[in-house]
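In the UniProt record's numbering, the protein residues as written are 1 to 43. Where a beta carbon is used, it is the ideal one built from N, C-alpha and C, also for glycine.
Spelled out as structure tokens, the structure:
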């Protein structure tokens, strides 16, 4: 999912996007992952 999502990210924003997505897929709980995903979608 992450790899396919990153195809739509501009190269200049790639590092920031991967850094922010990392908090989503490394979240310790589902609730933390949902909060991180919501924060990511707002940026």
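Practice prompt. Check whether the Cβ atoms of residue 21 and residue 40 sit closer than 8 Å, and answer yes or no.
Written response: yes
Worksheet entry | Length of the line joining the Cα atoms of residue 26 and residue 2 | 12 Å
Practice prompt. Confirm, please, whether the CB-CB distance from residue 24 to residue 10 is below 8 Å.
Written response: no
Worksheet entry | Euclidean distance between Cα positions of residue 13 and residue 42 | 15 Å
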